[in-house]
Each structure stands twice: as structure tokens, then as C-alpha cells.
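For the record, the sequence lines run as chains A and L. 47 is the number of the first residue of the first sequence in this note's numbering; add one for each residue after it. 47 is the number of the first residue of the second sequence in this note's numbering; add one for each residue after it. All residues carry an ideal CB built from backbone N, CA and C; glycine is no exception. So the structure is just underneath, and the comments pick up after that.
There are 2 protein chains.
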Amino acid sequence: MSEDLGALCAGAARALAEAERPVLESHGLTMWQYVVLSALSTGAAASQLVLAQQIHYDKTRLIALLDGLEAAGLVTRAPDPADRRARVVRLTEAGISRHAAVRAAIRELEERMLAGLSAEERRALRAGLAHLANPD
Amino acid sequence: MSEDLGALCAGAARALAEAERPVLESHGLTMWQYVVLSALSTGAAASQLVLAQQIHYDKTRLIALLDGLEAAGLVTRAPDPADRRARVVRLTEAGISRHAAVRAAIRELEERMLAGLSAEERRALRAGLAHLANPD
DNA sequence: GGAAACGATACGCACCTGCTTATCATCTGT
DNA sequence: ACAGATGATAAGCAGGTGCGTATCGTTTCC
Chain A
47 MSEDLGALCA GAARALAEAE RPVLESHGLT MWQYVVLSAL STGAAASQLV LAQQIHYDKT
107 RLIALLDGLE AAGLVTRAPD PADRRARVVR LTEAGISRHA AVRAAIRELE ERMLAGLSAE
167 ERRALRAGLA HLANPD
Chain L
47 MSEDLGALCA GAARALAEAE RPVLESHGLT MWQYVVLSAL STGAAASQLV LAQQIHYDKT
107 RLIALLDGLE AAGLVTRAPD PADRRARVVR LTEAGISRHA AVRAAIRELE ERMLAGLSAE
167 ERRALRAGLA HLANPD
């Protein structure tokens, strides 16, 4: 009898996280910092609140996380001219290149971990995961 | 550009865990209790230590978890005759049927969440996840 | 223009987590 | 037989996590 899907997903996520931690550390980033950079890599966040919801992170603790990234020069917080309560968060040039470098390393590692799976299997794996993650 | 595999797995695992929590609750089990029952469903654990490692749970906190399951009459702890330091953990009859009931409900839910994926896609999804989870 | 809502921030709380230490019973190797 | 290793258990600790509350500036709406 095969395992529960939930257990399989959790196991795969844990294995990936464990394998990726050293890579992130060697680039001076934590998992959550990388998650923020990734979220911002497709465009600035309109506010810290939407950023927090996007990455499923507590909005009150996101503040300290952004403090760190800002101090490291990887992101900027600027008041939204259209609503000066909100802060628009975006990557700096340094943030963009740091993210690209880490992402490339992570991609390479994932490529290694997928060794043995056909292109079609990889496609189905990604499609299935995306399907589960988004109750469209 | 597609998302990181790690992010996809984590997202899918989170979505599944969220969907399954109400099911578990309605059967009076926590996620970890269900994990223990599942691990034991394929056979007794030779010791609490190996059980903890098998499910990636802290061995010192497993004790309280087993206390609860034992008090609920779902598992038994018996000294191993071959090594009386170790406690063999196994499901009771009630544990077996409880696990079967919850598992069936979870399977049904997972089936619903996989709606729209072909049989071949589901097979590839499971195969890919198992491949990632076990660095064979 | 004043009240209510909202975003960012700070702070505290309860819980979970992995980890360490200590104790006791039992086993193992010499 | 004795020393050291091992399993179960208890207790504690540091860090992480989600959640609630309070404050302050800003916006929205009547």
C-alpha cells in the first residue's frame, strides 16, 4: 500500500529544504530571506502586508526580516506615493543579482536531485504539485 | 520562469496539511498521532527510538505522544523480551481500525484534490515525490 | 472635518521544535 | 564481574511560529 500524498509531499519538502540549507548558507541567506527575494523577483510588493500573505509569513515578524534584508542592501522600502501608509518593497540591484546567483545554485541542486526522472515525469511532477498548491 | 521545486513541494504539503487537519480533528487525532499510527500500520516498531527516527520526530517528545495514544487505547508499549530496555510499540485492534478509518477519509480527500490529473500524471507525481524524499 | 478603517511597527503570549542533560534500568564486551 | 554503551524517561532551554493587542500615521467615507 502506498504512502499518503501528504506524507510524500512533506518528506520531499523536508529533503529539499535540508539539501538547500547549505547552499543558502554559503550565500549568506536564510530560507525565509530567500523566499522574500524570490517573491520580489517577479516584481515589487505593493505593501508588506500583501508580501506577508503571498509567502505565508506572519506580518508582524516580516518586519524584522525586511529590516535584515534592507540592512544588507538587498531590498528597499519606499512609501507608496498613492498611499503613504504602505511601503513598496522591491529588490535592489544587489538583491537581484544575489537572488539570481542563489537561484542558479538551487536549480542546479534540484537538477541533481531529479536525476533519473524523465522530462515527462518532471513535467507531471511540477504540474501535480502546482495543482495541489493552488486550489484553483 | 517556473517556481522552485522546494517552494512547490512546501506549498503542496501545506495545502494538504491544511485540508487534512479538519478530517483528523473529526476523528480525534492530531497530525503527529496519525503519523505514528501510519508508521505502525505496517508493523510494530522495534523500539521507540527507531520509531522516532522513522517519522522524524524528537525522541524525547515522542514519549508524551505515545502516552496519549496509549491512554486512548490505540497503541501498546511492551518490553522487548530480547532487550528489556526497549519497548515494542504496536497498534491495538482499536488503533488498527481507527487508522483505517482516518486513512480512508484522507484518501478520499486526496482523491478530490487530485481531480483533473490523469492516472499517468498521478503516478509520475507519486514517483517523483518518492524519488525526492528518498536519496536512494 | 471627524470617525472608522488600514498599514507599519513594537511587544507579549502560548505553543511547538530540536537539543542538551540527568537518571535509571538493562545490555554488551572484555 | 565490571565498565561503558544504550533505551526510556523527565526536565529544561533557546529559537521559531502564529496570534492578539496597542500605538502611530495615513486614508476613506459620510
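Query raised in the report: Apart from the five residues just before and just after arginine 107 (chain A), which ones in its own chain have a Cβ nearer than 6 Å to its Cβ?
Result: The count along the first sequence starts at 1 and reaches residue 107 (chain A) at position 61. Same-chain partners within the cutoff: there are none.
Query raised in the report: Are there 16 or more other CB atoms within 10 angstroms of the CB of glutamine 100 (chain L), so buried, or fewer, so exposed?
Result: For the purposes of this step, residue 100 (chain L) is taken as residue 54 along the second sequence, with counting starting at 1. Exposed is the call here.
Query - Separation of glutamine 94 (chain A) from glycine 162 (chain L), as counted between CA atoms - result: As a first step, residue 162 (chain L) is located in the second sequence; it is residue number 116 there, counting from the start. As a first step, residue 94 (chain A) is located in the first sequence; it is residue number 48 there, counting from the start. Whole-angstrom Cα-Cα distance: 35 Å.
Query raised in the report: Under the three-state reduction of DSSP, which class applies to proline 127 (chain A): helix, strand or coil?
Result: Along the first sequence, one-based indexing puts residue 127 (chain A) at 81. Looking at proline 127 (chain A) - three-state DSSP - the assignment turns out to be coil, as it is neither helix nor strand.
Query raised in the report: Taking only beta-carbon atoms, is leucine 171 (chain A) less than 9 Å away from chain L?
Result: For the purposes of this step, residue 171 (chain A) is identified with residue 125 of the first sequence, where counting begins at 1. Interface residue, yes.
Requested in this report: List in chain order: all unbroken alpha helix (DSSP H) runs of 4+ residues lying wholly within the segment 87–112 of chain L.
Outcome: 94–101
Query raised in the report: Excluding sequence positions up to five away, which residues of its chain have a Cβ less than 7 Å from the Cβ of arginine 136 (chain L)?
Result: Here residue 136 (chain L) is taken as the residue at index 90 of the second sequence, counted from 1. Hits under 7 Å: Leu86, Ala90, Val121, Thr122.
Report task. Give the interface partners of glutamate 156 (chain L) over in chain A, defined as CB-CB distance under 8 Å, in chain order. Result -> In the second sequence, the residue the question calls residue 156 (chain L) occupies position 110. Within 8 Å Cβ-Cβ: Asp50, Leu51, Gly52.
**Report entry** Cβ of alanine 90 (chain L) within 9 Å of any chain A Cβ
**Finding:** Sequence index remark: in the second sequence, residue 90 (chain L) carries index 44 (1-based). So no, alanine 90 (chain L) is outside the interface.
Report task. Please determine, among A:Glu116, A:Arg133, A:Arg158, A:Asp129, the residue with the shortest C-alpha to C-alpha distance to glutamate 139 (chain A). Result -> Residue 139 (chain A) sits at position 93 when you count from the first residue of the first sequence. It is A:Glu116.
Query raised in the report: Looking only at its own chain, which residues have a Cβ that is under 8 Å from the Cβ of leucine 175 (chain A), when we skip the five neighbours before and after it?
Result: Within the first sequence, the letter at position 129 stands for residue 175 (chain A). Counting only Cβ-Cβ distances below 8 Å, and skipping sequence neighbours, we find Cys55.
**Report entry** Span of the alpha helix (DSSP H), counted from its first residue to its last, around leucine 178 (chain A)
**Finding:** Here residue 178 (chain A) corresponds to residue number 132 of the first sequence, with the count starting at 1. Note, leucine 178 (chain A): alpha helix (DSSP H), 165–179.
Requested in this report: With DSSP as the reference, please indicate the residues paired to threonine 138 (chain A) in a beta bridge.
Outcome: Residue numbering aside, residue 138 (chain A) sits at position 92 when the first sequence is read from its first letter. BP columns for threonine 138 (chain A) are empty, so no partner.
Requested in this report: Give a yes or no on whether 9 Å exceeds the smallest Cβ distance from glycine 162 (chain A) to chain L.
Outcome: Against the first sequence, residue 162 (chain A) aligns to sequence position 116. At least one chain L Cβ lies under 9 Å of glycine 162 (chain A).
Query raised in the report: Within this structure, are the beta carbons of glutamate 157 (chain L) and serine 84 (chain A) separated by less than 9 Å?
Result: Within the second sequence, the letter at position 111 stands for residue 157 (chain L). Within the first sequence, the letter at position 38 stands for residue 84 (chain A). No, the Cβ-Cβ distance between glutamate 157 (chain L) and serine 84 (chain A) is not below 9 Å.
Query raised in the report: How big is the Cα-Cα spacing for methionine 159 (chain A) and proline 127 (chain L)?
Result: Locating residue 159 (chain A) in the first sequence gives position 113, where the first residue counts as 1. Locating residue 127 (chain L) in the second sequence gives position 81, where the first residue counts as 1. Cα-Cα distance, rounded: 42 Å.
Report task. Could you confirm whether any beta carbon from chain L is found closer than 9 Å to the beta carbon of glutamate 66 (chain A)? Result -> Stepping through the first sequence from its first residue, residue 66 (chain A) is reached at position 20. Yes, its Cβ sits closer than 9 Å to a Cβ of chain L.
Query raised in the report: Out of A:Met77, A:Arg169, A:Val96, which has the shortest C-alpha to C-alpha gap to leucine 62 (chain A)?
Result: Stepping through the first sequence from its first residue, residue 62 (chain A) is reached at position 16. When only C-alpha atoms are compared, the closest one is A:Met77.
Query raised in the report: From alanine 147 (chain L) to isoleucine 109 (chain A), what distance separates their C-alpha atoms?
Result: Locating residue 147 (chain L) in the second sequence gives position 101, counting from the first residue. Locating residue 109 (chain A) in the first sequence gives position 63, counting from the first residue. Taking the straight line from one Cα to the other gives about 44 Å.
Requested in this report: Just the C-alpha distance for glycine 52 (chain A) and serine 164 (chain A), rounded to the nearest angstrom, thanks.
Outcome: Counting from one through the first sequence, the residue named residue 52 (chain A) turns up at place 6. Counting from one through the first sequence, the residue named residue 164 (chain A) turns up at place 118. Approximately 23 Å between the Cα atoms of the pair.
Query raised in the report: Using the beta-carbon count (16 or more within 10 Å), is alanine 179 (chain L) buried or exposed?
Result: Position 133 of the second sequence holds residue 179 (chain L). Alanine 179 (chain L) is buried by the Cβ-count criterion.
Query raised in the report: Can you name the residues of chain L whose CB is closer than 8 Å to the CB of glutamate 167 (chain A)?
Result: For this step, residue 167 (chain A) is matched to residue 121 along the first sequence. Going along chain L in sequence order, the residues near glutamate 167 (chain A) (Cβ under 8 Å) are Ala170, Ala173, Gly174.
Query raised in the report: Can you name the residues of chain A whose CB is closer than 7 Å to the CB of histidine 177 (chain L)?
Result: What you label residue 177 (chain L) is simply residue 131 of the second sequence in a count that begins at 1. In chain order: Gly162, Leu163.
Report task. Name, please, each residue of chain A whose Cβ falls closer than 8 Å to the Cβ of histidine 188 (chain L). Result -> Past the boundaries of the shown model lies residue 188 (chain L); chain L is included only from 47 to 182, so the question cannot be answered.
Requested in this report: With a 10 Å radius around its C-beta and 16 neighbouring C-beta atoms as the bar for buried, classify alanine 150 (chain L) as buried or exposed.
Outcome: Locating residue 150 (chain L) in the second sequence gives position 104, where the first residue counts as 1. Classification for alanine 150 (chain L): exposed.
Query raised in the report: Where alanine 59 (chain A) and leucine 70 (chain L) are concerned, what is the direct C-alpha to C-alpha distance, given to the nearest angstrom?
Result: Within the first sequence, the letter at position 13 stands for residue 59 (chain A). Within the second sequence, the letter at position 24 stands for residue 70 (chain L). Their backbone Cα atoms lie some 21 Å apart in a straight line.
Query raised in the report: Near alanine 226 (chain A), what residues of its chain come up, given a Cβ to Cβ distance below 6 Å and the 5 sequence neighbours on each side ignored?
Result: The requested residue 226 (chain A) is not part of the displayed model; chain A covers only 47 to 182.
Requested in this report: Name, please, each residue of chain L whose Cβ falls closer than 8 Å to the Cβ of isoleucine 152 (chain A).
Outcome: Start at 1 with the first residue of the first sequence, and residue 152 (chain A) comes out as number 106. The contacting residues are Asp50, Gly52.
Query raised in the report: DSSP on alanine 132 (chain L), reduced to helix/strand/coil?
Result: As a working mapping, residue 132 (chain L) is identified with position 86 in the second sequence. Alanine 132 (chain L) falls in the strand class under three-state DSSP.
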